[in-house]
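*Asks:*
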Amino acid sequence: MESNSKNIETKNIDRRAFLKVSTAAMGAAVASGLAPFQTFQTVNVAQGAVSSDEVTPFRFAYISDSHLYEKKINDRFVRALLRAVADVNSLEPQPDFVFYGGDLAQLGQAKELELGAEILKEIKAPVKMMVGEHDWYLDMGKKWRELFGEPTYSWDHKGVHMVTLNSVVERDFWTERGMTAMERMMTVAGLDNGVQSPFSVGKQQRDWLKKDLADYSDDTPLIVFSHSPLYKLYKKWNFWTDDAEEVQAILKRFKNVVVIHGHTHQLLTNRIGNIHFHGMLSTAWPWPYAPEGMPELTIEMSRPDPFNTNDGCGDGEVHVQADGLVDKVYNLWNRTPLTVGRAYTASWGKESVPPKPNRASY
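Counting in this note's numbering, the sequence shown runs from -19 upward without gaps.
#1: Output the residue ranges of the alpha helix (DSSP H) runs that lie fully inside the stretch 48 to 98 and measure 4 residues or longer, sorted by chain position.
#2: Quick check: the Cα distance between valine 78 and alanine 85, rounded to an integer number of angstroms?
#3: Mind pulling the alpha helix (DSSP H) runs of 4 or more residues that sit fully within the stretch 183 to 212?
#4: Could you give the residue range of the alpha helix (DSSP H) that holds isoleucine 230?
#5: Smallest Cα separation from serine 282: which of Leu193, Asn314, Glu276 and Trp116?
#6: I want to see whether chain D comes within less than 8 Å of glycine 273, judged by CB atoms only; does it?
#7: Would the stretch 66 to 77 and the stretch 151 to 164 be scored as touching if the rule is three or more Cβ pairs under 8 Å?
#8: With a CB to CB cut of under 8 Å and the five nearest residues on each side skipped, what residues in its chain are close to serine 230?
#9: Give the straight-line distance between the Cα atoms of glutamate 272 and tyrosine 214, rounded to the nearest whole angstrom.
#10: Could you tell me the distance, in whole angstroms, from the CA atom of threonine 22 to the CA atom of asparagine 338?
#11: For tryptophan 116, which three-state DSSP category applies?
#12: Which same chain residues end up closer than 6 Å to methionine 6 when comparing Cβ atoms and leaving out the 5 residues on each side of it in sequence?
#13: Taking only three categories from DSSP, how would you classify lysine 108?
#14: Mind checking which residues open and close the alpha helix (DSSP H) that includes threonine 325?
#15: Compare the C-alpha of arginine 164 against each of Val68, Thr132, Gly88 and Leu312 and name the closest.
#16: Count the other CB atoms within 10 Å of the CB of glutamine 176; is the residue buried (16 or more) or exposed (fewer)?
#17: So, with DSSP's three-state summary, where would you put valine 168?
#18: Excluding the 5 residues flanking glutamate 131 on each side, which residues of the same chain have their C-beta closer than 6 Å to its C-beta?
#19: DSSP state of methionine 142, grouped into three classes?
#20: Per the contact definition of three or more C-beta pairs closer than 8 Å, is the stretch 203 to 223 in contact with the stretch 238 to 257?
#21: Which residues mark the beginning and the end of the beta strand (DSSP E) in which arginine 39 is found?
#22: Less than 8 Å separating the beta-carbons of phenylalanine 293 and tryptophan 328?
#23: Report back the beta-carbon spacing between serine 46 and threonine 289 to the nearest angstrom; my notes put them in contact at under 8 Å.
#24: Tell whether a beta-carbon distance below 8 Å holds between alanine 105 and valine 65.
#25: How is the alpha helix (DSSP H) around leucine 127 delimited, first residue to last?
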């Protein structure tokens, strides 16, 4: 990606000055004096008979897919993440937490991940993290674990059980080819290369998930976070999780399940049985929609303006209702926010239909 440093110079300023100048450039100030960044380890908190009538409605915000380079190489994506941080810090009241949906870095390099962690420290609310393939495959997660802890964990919040998975596990294609760490990273970051394997959750995490859910009753609402969609959308772009059906089978006994994923950089809605799926926007760039396999429930967002680098990007909120299903808010920058409500997915698209795009998607 081409650097945009002619618009804002960030190379020779310290952290505080960098944050101040960058947020000024996007027209929003990042709040200061905030709580330190929080990390979360793998846990298994089993509370037994948690039921849907015990859910207290709440909301959380999300940011995803920032794909940071070092700021001396490309500061456009840095400024976009700063804009998202300013967005969530301006929410009143503040969300219960902010979820980061993966691909914080572009090439998984330590300085990229450290820069992302530095920026995310400015968020007022507690932060929960999920790993993406761009964060992982340079050093196989070493730096990620150092900064953010284990990538697989669960917790309970106001009557909802929440699970974060590492859904970008790939079979080893690099050893027999004698690839360097960067060659492995660049291969995983590529599309249509015919070399890498599809993403998966993997047997180890599936076994963990079964154990994590074992003591929860069938009417416990679940929210599951995965970077790749936990269904099979379009394999050529790795918008695909190879063992998706096996993960879905583990979740099938629960009455209401919501899966929120990153990776696809777009407004994306699906439902398979009792599982309601919602994609997250990217702060870096929007992806086009796949030429096949698109879920019928998806209301495709309008084609982004190629002359506006922020169009089709954004962040958003998730409003969790009393039954554990969600209203998913897409805060599309430079457009009117769009909400995909629980009534839409609960009715299989018959009620509360979101507005159609005013120009064709791409």
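Every residue, glycine too, gets a C-beta built ideally from N, C-alpha and C.
*Replies:* Let's see:
#1: 56 to 69
#2: 18 Å
#3: 183 to 193
#4: 224 to 231
#5: Asn314
#6: No chain D appears in this structure, which consists of one protein chain only.
#7: no
#8: First, the residue type needs correcting, since residue 230 is isoleucine and not serine in the sequence shown. Hits under 8 Å: Arg186, Leu189, Lys190 and Leu193.
#9: 7 Å
#10: Because threonine 22 sits at a pLDDT of 42, beneath the cut-off of 50, its placement in the model cannot be relied upon, and the point is left open.
#11: helix
#12: Only weak support exists for where methionine 6 lies, its pLDDT of 38 falling under 50; the coordinates are left without a value.
#13: strand
#14: 322 to 326
#15: Gly88
#16: buried
#17: helix
#18: Checking the displayed sequence, the identity of residue 131 turns out to be proline instead of glutamate. So the qualifying residues of the chain are Val111 and Asn146.
#19: strand
#20: yes
#21: 38 to 43
#22: The sequence as given places cysteine at residue 293; phenylalanine does not occur at that position. Result no, Cβ atoms of cysteine 293 and tryptophan 328 do not sit closer than 8 Å.
#23: With 8 Å as the limit, serine 46 and threonine 289 do not qualify as a contact, their Cβ atoms being about 14 Å apart.
#24: no
#25: 122 to 128
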